[in-house]
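Asker: Attaching a single structure in structure tokens format; questions to follow.
Residue numbers (mature numbering (1 follows the signal peptide of the UniProt record, and there is no 0)): -35 to -1, 1 to 875.
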């Protein structure tokens, strides 16, 4: 009995102790661990039901959970197939089917999957769509609704597409298919505590418009960089692009995925904010780096318009905003979000398109929540702002949208590092959240990354915010490397979870863009140095067995890619880049590899079969094709020109024939033509002066300078002519000028000239000639005269004509160089010859070369036509009496002088 009593007593004692421990654990557990706030959502939740329903003619995806979701979810769009992806951290999906089919015209099916990540369980719901559609997210208690717009409203308000990122750790959510769960690691979720970790730079990822109006882009066609604006044009629809800022030096990076540059230029000069744009090609994207002129990247906005990306900055307004981005009537738009720190305060500014009400901010568990009523937020602003690396009390800012009583609200969750005072103020139409930083205004010193080894004679490098890493040298001594970044220039030290990716440059110092590091070593192993640089840059570096030796260096505040280039140059090493893998080899070995590849290529060419192909040449001369094509032939190849049929016969390997065919296609283009329109007008000298042309007139043959005279036509323009100096012995010099008016106004002026009787149009010839070929226009009279020779008396003719010869040359910019030869020959006085008399020919000639634009008119003046008339009347017989005959007759003499104006208009014939 006693033994049994002892057992019972022992059991009672153990039970009492267990109950006491449970009670003590419950009392010590903080309230936040026992009950979570509904708004934040539960970390462990379960999907109860998922379905597609029709409400008021619109598709509604309904996801019912066991507990409220709160803001612990991420919504983003994806393509191929087009779908809306919703990620729920800590969500259990075991209670629903993984595939739900639907007959809805908008949503084809629902896919539900689960992933086990390092941060915990992730439940994913994918709504597979028939085509892109606008949608809104609405949360009501335990129901998560995705409401799609009606077909007639799909393009009315794309701002309703809600991207809520309360717990995502990257501003750019990775798009991963459900079949590849291994790829959904750290980029999707943070730790379960809900603390958000992102890189210090703000990254904006945008999915392009997928309306299917044009095919997907494959090539970048053009880059235009001007003052306040840059335009990147592609050959199709842009599926996805992202942009973000970098510092040291300040620059904006724009990545367009799935395209390659069609041009060879890799640098574009600019001004007024960005001094240049650099282009780099990667296997999956093309990167554009816009280097800022000042110390900071100017305030900018990036907008997609069809097949173009438009970047605007400074005072210039955005180049284009699609009409679909306009908000609904009465709804304001969150246009921009800005975060800054100054004077111990963190300022979060919300720029709104108009005035609206807002909710009073509330704080719980160091998270400030407030919202803007009846508002929407643009797609470019739906991003997480990570301020954890700043000397600020603010850790993270997350915007998201909710529906309350049918009205959309934009809410903000501001996570703080501790309890600090704050206030929400209205500044015009904008809102400002001002947070007192207090002790958080001082930048924290990051934890040192050290190995437990002694340091011998460390260099005196003092960097308060640097993290140092010991690297063993070849002799066992330790060198020291310092990795750091100034506040606001990258956000702290380089860490493995926040890699700094930058292309390695071997050019001048201004082209290095890697994160700055400091390296101080004495006889350090070269392989250890390369391993350290790979760790800092997060690049994959492979060093061959021939890379050996030691190096002594002291580099302070140097970009890592410049440090790598210096190390390679000093040790006689080279680098081969393949994707994101860099192979380090001796330069001699790289040269030998290149020679081996060239030898192998030539050997392969010698073993390939020869083919013969006939290529037709339609437009250009065969010599223009045969010469350049011979440069492409191999040692066994030959090319023959068939002038009769305008063909070239090529015999060579298949690859060379393909290249020659491409060359012929480029060279064999039709010669461009120019239409020469001429107007030959005879006008009185007075009218010529009234028209506004100050021609050089000099009757006393004294050369002199006259001022130029410009006239403005009321119909649209004027022309300016500088008079030339007249040649001795001529009535006047020939002058060339240019008219800046169109042919319509010119025709009106000439018509007015004819109507007033001050002139007439002699001819309006037109002639078309090839580029670089001469065109001749002439008008005149053949004057007969007799000559005496051994064969007797013969009649010959002499030309007295107005001749115009024009040779046009087309420039690439659309201008035309005109080589003009103008001459005017007229009959003069009769000259006695040995065989009688013959008429003299007065000739004026002028040659010039000038530049005019396509469709512009040039004018030739100063060509004068003079005529004298003599007449006699009187009484027959009596008027011929000597001396007295003057009483019975009268004489008349008249002299007229007119001017020829030649208007020449070249037009390029396309």
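For glycine and all other residues, C-beta sits at the position ideal for the given N, C-alpha and C.
Bear in mind the structure is a predicted one, so any value in this text is a computation, not a measurement.
1. Measure the C-alpha to C-alpha separation of residue 810 and residue 759 and round it to an integer number of angstroms.
2. Excluding the five sequence neighbours on either side, which residues of its own chain have a C-beta within less than 6 Å of the C-beta of residue 727, listed in chain order?
3. So, with DSSP's three-state summary, where would you put residue 502?
4. Given that a residue counts as buried once 16 or more other Cβ atoms are within 10 Å of its Cβ, and exposed if not, what is residue 858?
5. Can you name the start and end residues of the beta strand (DSSP E) that residue 617 belongs to?
6. Tell me the rounded alpha-carbon separation between residue 424 and residue 510.
7. In whole angstroms, give me the CA-to-CA distance for residue 300 and residue 109.
8. Count the other C-beta atoms from every protein chain shown that fall within 10 angstroms of the C-beta of residue 871, then say buried if there are 16 or more, exposed otherwise.
9. When the Cα atoms are used, what is the spatial distance from residue 353 to residue 310?
10. Which residues in the same chain have their Cβ closer than 7 Å to the Cβ of residue 224, if we skip the five residues on either side of it in sequence?
11. Are residue 273 and residue 385 touching if we call contact CB-CB under 8 Å?
12. Is residue 853 helix, strand or coil by DSSP?
13. Look up residue 78 in the DSSP assignment and give the residues it is bridged to.
14. Quick check: residue 87 and residue 97, are their CB atoms within less than 8 Å of each other?
15. Rounded to the nearest angstrom, what separates residue 632 and residue 777 at their Cα positions?
16. Just the C-alpha distance for residue 862 and residue 802, rounded to the nearest angstrom, thanks.
17. Using the Cα positions of residue 211 and residue 102, report the straight-line distance between them to the nearest angstrom.
18. Would DSSP call residue 386 helix, strand or coil?
19. Could you check what DSSP says for residue 625 in three-state terms: helix, strand or coil?
20. How about residue 80: is its C-beta nearer than 8 Å to some C-beta of chain D?
21. For residue 300, which three-state DSSP category applies?
22. DSSP has residue 551 in a bridge; who is on the other side?
23. Would you mind stating whether residue 593 and residue 550 have Cβ atoms separated by less than 8 Å?
24. For residue 358, tell me which candidate among 535, 230, 308, 492 has the shortest Cα-Cα distance.
25. Is it buried or exposed for residue 572, if we count other Cβ within 10 angstroms and need 16 for buried?
26. Do residue 238 and residue 213 count as a contact pair if the criterion is CB distance below 8 Å?
27. Is the Cβ-Cβ distance between residue 40 and residue 49 less than 8 Å?
28. Between residue 375 and residue 349, which are expected to be in contact by the criterion C-beta below 8 Å, what is the C-beta distance as a whole number of angstroms?
29. Thinking just about the alpha-carbon of each residue, which of 21, 392, 34 is nearest to the one in residue 11?
30. Secondary structure at residue 191, three-state DSSP: helix, strand or coil?
31. Can you tell me the Cα-Cα spacing of residue 621 and residue 789, whole angstroms?
32. Count the other C-beta atoms from every protein chain shown that fall within 10 angstroms of the C-beta of residue 600, then say buried if there are 16 or more, exposed otherwise.
33. In chain order, what residues of the same chain lie with their CB nearer than 7 Å to the CB of residue 765, ignoring the 5 residues before and after it?
34. Touch check for the stretch 528 to 536 and the stretch 557 to 566: three-plus C-beta pairs under 8 Å?
35. Does the separation of the CB atoms of residue 873 and residue 771 fall below 8 Å?
36. Quickly, what does DSSP pair residue 632 with across the bridge? List them, please.
Answerer: Working from what's here:
1. 29 Å
2. Counting only Cβ-Cβ distances below 6 Å, and skipping sequence neighbours, we find 645, 647.
3. helix
4. exposed
5. 612 to 617
6. At residue 424, the pLDDT of 39 sits below 50, so the modelled position is not reliable; the number obtained from the coordinates is stated separately. Their Cα atoms are separated by approximately 31 Å.
7. 27 Å
8. By the neighbour-count rule (16 or more Cβ atoms within 10 Å), residue 871 is buried.
9. 15 Å
10. Once the five neighbours on either side are set aside, the close Cβ partners of residue 224 are 182, 183, 184, 185, 199, 251.
11. Taking C-beta atoms as the reference points, residue 273 and residue 385 fail to come closer than 8 Å.
12. helix
13. 89
14. Cβ atoms of residue 87 and residue 97: not closer than 8 Å.
15. 16 Å
16. Each residue's alpha carbon lies about 26 Å from the other.
17. Distance between the alpha carbons of residue 211 and residue 102: 33 Å.
18. coil
19. helix
20. As a matter of chain content, chain D is missing from the structure shown, which is built from one protein chain.
21. strand
22. 538
23. no
24. 308
25. exposed
26. no
27. yes
28. About 14 Å separates the beta carbons of residue 375 and residue 349, which is beyond the 8 Å limit, so they are not a contact pair.
29. 34
30. strand
31. 57 Å
32. exposed
33. 745, 746, 748, 790, 791, 792, 806
34. no
35. Here residue 873 is not near residue 771, since their CB atoms are 8 Å or more apart.
36. DSSP, once it has assigned bridges, lists no residue as partnering residue 632.
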